[in-house]
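As numbered in our numbering, residues 56 to 258 make up the sequence shown, in order.
For every residue, glycine included, the Cβ atom is placed at its ideal position computed from N, Cα and C.
Only one structure is covered here, and it is reproduced in the block below.
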Amino acid sequence: MEEQLMTTIDVIAEYIDQKPAAAKSSMNDLYQLLLAIMPGAERRISYRMPTFFVDGQPVVYFDAHDGYTGFYPTSAPIKEFESELSQYRHSKGAVHLPWDQPLPAPLLTKMVQSRIASIKAGKAHPQRVTRAAEPMTDEVAQALAAAGLRGQYDARPWYQRNDYLRWIGAAKQPATRARRLAQMLSELRAGDVYMRMAWGPRK
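Structural data, given as structure tokens:
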């Protein structure tokens, strides 16, 4: 399990590494803070952003923008701690964390913990966000057919199929795309792995 978790961390680290140099420090600082708060959370790329999940529900998304890192803990924690967010630009579902300012770690920790508590108490509801379906390229379709894994692919949850296609398609270099495609095929063949993290279908 240790190896699986480390590789999962690398998926997000790889994402951050592709960002402009100016964004990396802030994103890495936030990522390390979230890891410390939620060491056992599921971590993957969702909606094109690094995301932490607890009990199958998103706790927080984050990503770099122009001069700031966006922190998206859903709306309830922002409303709860709005008085402490006065010095930060924020909206119903987002907080802007400027790159030239230190992270407000205690405040972010409270917001994350509040979100987790809501999930554990059954008060949080899955985020119903319309998510565009990723088209399957001929390259992926042919690889699945050649490996005899189309059935295994179709049996995976929709979000996994979509994430795989988005992840593979986002690779800028052919070698990177080929490596990601090979990883997907290997995980489909194994049957109990998703993004190199242990996974199993719900009973």
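Please classify residue i as buried or exposed, where buried requires at least 16 neighbouring CB atoms within 10 angstroms.
i    : result
W213 : exposed
D218 : buried
P190 : exposed
R244 : exposed
R234 : exposed
A78  : buried
A119 : buried
E137 : exposed
E242 : buried
Return the Cβ separation of residue i and residue j in integer angstroms, given the expectation that the two are a contact with Cβ distance under 8 Å.
i    : j    : result
L152 : Y123 : 6 Å
I223 : R216 : That pair is no contact at about 11 Å.
Closest by CA to residue i, which one among the options?
i    : options                : result
Y102 : Y70, I133, L90         : Y70
Y208 : H120, S169, V66, M239  : M239
F117 : S173, E137, L90        : L90
S48  : P113, P105, R251, M250 : Past the boundaries of the shown model lies residue 48; the chain is included only from 56 to 258, so the question cannot be answered.
A149 : Y127, K227, P75        : Y127
W154 : T192, A172, Y143       : Y143
V115 : V248, Y86, M250        : Y86
R205 : A188, Q228, G246       : G246
I67  : S80, M104, G95         : M104
Taking just the CA atoms, how far does residue j sit from residue i?
i    : j    : result
A198 : P159 : 46 Å
P157 : A210 : 44 Å
E97  : P132 : 20 Å
M166 : H145 : 14 Å
A76  : D84  : 13 Å
T106 : M82  : 12 Å
I64  : E194 : Residue placement at I64 is flagged as unreliable, the pLDDT there being 42, under the threshold of 50; a coordinate-derived value is accordingly withheld.
G255 : F108 : 16 Å
I174 : T129 : 12 Å
H230 : Q73  : Before going on, a small fix: residue 230 reads as Ala here, not His. The alpha-carbon atoms of A230 and Q73 are separated by roughly 15 Å.
L236 : M252 : 16 Å
K147 : M93  : 23 Å
T164 : T192 : 41 Å
E135 : I100 : 26 Å
L220 : D110 : 24 Å
Margin query: Which complete alpha helix (DSSP H) runs does the stretch 170-255 hold, if anything under 4 residues is left out?
Written below: 193-202, 205-210, 213-224, 229-245
Notebook entry, point to check: What are the uninterrupted segments assigned as alpha helix (DSSP H) that are 4 or more residues long and contained completely in the stretch 107-154, given in chain order?
Noted result: 130-135
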